[in-house]
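A.B. asks: Each number in my numbering corresponds to the 1-based position in the sequence shown with 21 added. Quick reminder that beta carbons are idealized off the backbone N, C-alpha and C, glycines included. Keep in mind that this is a model prediction, so the values were computed, not measured.
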Amino acid sequence: MADLRFESRIPATQQQLFDFHMDFSNVRIVTPPLFATRFVSVPETMEAGSRIVVEVAGPVGWMPWEIRVEQVEPHRLLVDAQDGRGPFRTWRHEHQFITEQSTSLLIDRITYTLPFGILGRIADLLVMQWVQRLVFLYRHRKTIEYFAHR
């Protein structure tokens, strides 16, 4: 199982950063343009138990990705996980928001496994961990830029 962690200081309050993540329309702001996504089903409000269906462009067309919000602790934590179909065998994403003086610390922790047994583990080491690093470095940079211009 891969276990990745990304941490950035964001020029926003803890509440602003949490609210930004609770508004699903902001996913478009922080998604790299090379990773095409379509939003099929998005709840009006994000709360524990909410289900989200996204389609992601894959090597053989669009793949549904079913996600469930597992946990919400206002202004502190948001946890989502793959729940059903998707590109991963398992996927869990924790977003932590911590106040640090006049800024906030954003911590993303992603744990996942790929399907296909040993082939999936090889693909993870050769490709997927690298891709995840690029995606989350981009997401953090775009989040910093978003709040720097507010």
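Quick one: which unbroken beta strand (DSSP E) runs of 3-plus residues sit fully inside the region 101 to 159? Chain order, please.
C.D. replies: Entirely contained in the region 101 to 159, the beta strand (DSSP E) runs reaching 3 residues are, in chain order, 111 to 121 and 124 to 134.
A.B. asks: Note down the Cα distance separating residue 151 from residue 98, rounded to an integer number of angstroms.
C.D. replies: Indexing the sequence shown from 1 puts residue 151 at position 130. Indexing the sequence shown from 1 puts residue 98 at position 77. Whole-angstrom Cα-Cα distance: 25 Å.
A.B. asks: For residue 81, is the classification buried or exposed, using 16 other Cβ atoms within 10 angstroms of its Cβ as the cut-off for buried?
C.D. replies: Start at 1 with the first residue of the sequence shown, and residue 81 comes out as number 60. Flag for residue 81 reads exposed.
A.B. asks: Does residue 90 pass the burial test, meaning 16 or more other C-beta atoms within 10 Å, or should it be called exposed?
C.D. replies: Within the sequence shown, numbered from 1, the residue matching residue 90 stands at position 69. Flag for residue 90 reads buried.
A.B. asks: Assign residue 49 to one of three DSSP states: helix, strand, or coil.
C.D. replies: Counting from one through the sequence shown, the residue named residue 49 turns up at place 28. Helix.
A.B. asks: Kindly identify the DSSP beta-bridge partner or partners of residue 98.
C.D. replies: Translated into the one-based positions of the sequence shown, residue 98 becomes position 77. Answer is 94 and 117, bridged to residue 98.
A.B. asks: Determine the contact status of residue 134 and residue 22, defining contact as a CB-CB distance below 7 Å.
C.D. replies: On the sequence shown, position 113 is the one that residue 134 refers to. On the sequence shown, position 1 is the one that residue 22 refers to. Going by C-beta atoms, residue 134 is nearer than 7 Å to residue 22.
A.B. asks: Just to confirm my understanding: we take residue 19, look at its own chain, exclude 5 residues before and 5 after, and list those with CB closer than 8 Å. What are they?
C.D. replies: Outside the displayed range of the chain (22 to 171) lies residue 19, so it cannot be described from this structure.
A.B. asks: Using 7 Å as the threshold, is the C-beta distance between residue 76 and residue 107 below it?
C.D. replies: Along the sequence shown, read from residue 1 onward, the residue named residue 76 stands at position 55. Along the sequence shown, read from residue 1 onward, the residue named residue 107 stands at position 86. No, the Cβ-Cβ distance between residue 76 and residue 107 is not below 7 Å.
A.B. asks: For residue 26, which option in 153, 148 and 162 has the closest C-alpha, if you only look at C-alpha atoms?
C.D. replies: The residue you call residue 26 lines up with position 5 of the sequence shown. Looking at the Cα atoms, 153 is the closest of the given residues.
A.B. asks: I need the straight-line Cα distance from residue 120 to residue 126, nearest angstrom please.
C.D. replies: Looking up residue 120 in the sequence shown gives position 99. Looking up residue 126 in the sequence shown gives position 105. Straight-line Cα distance between these residues: approximately 6 Å.
A.B. asks: Looking at the secondary structure, which residues open and close the beta strand (DSSP E) in which residue 60 lies?
C.D. replies: For the purposes of this step, residue 60 is taken as residue 39 along the sequence shown, with counting starting at 1. Note, residue 60: beta strand (DSSP E), 58 to 62.
A.B. asks: Report the three-state DSSP secondary structure of residue 162 (helix, strand or coil).
C.D. replies: The residue labelled residue 162 in the question sits at position 141 within the sequence shown. Helix, per DSSP.
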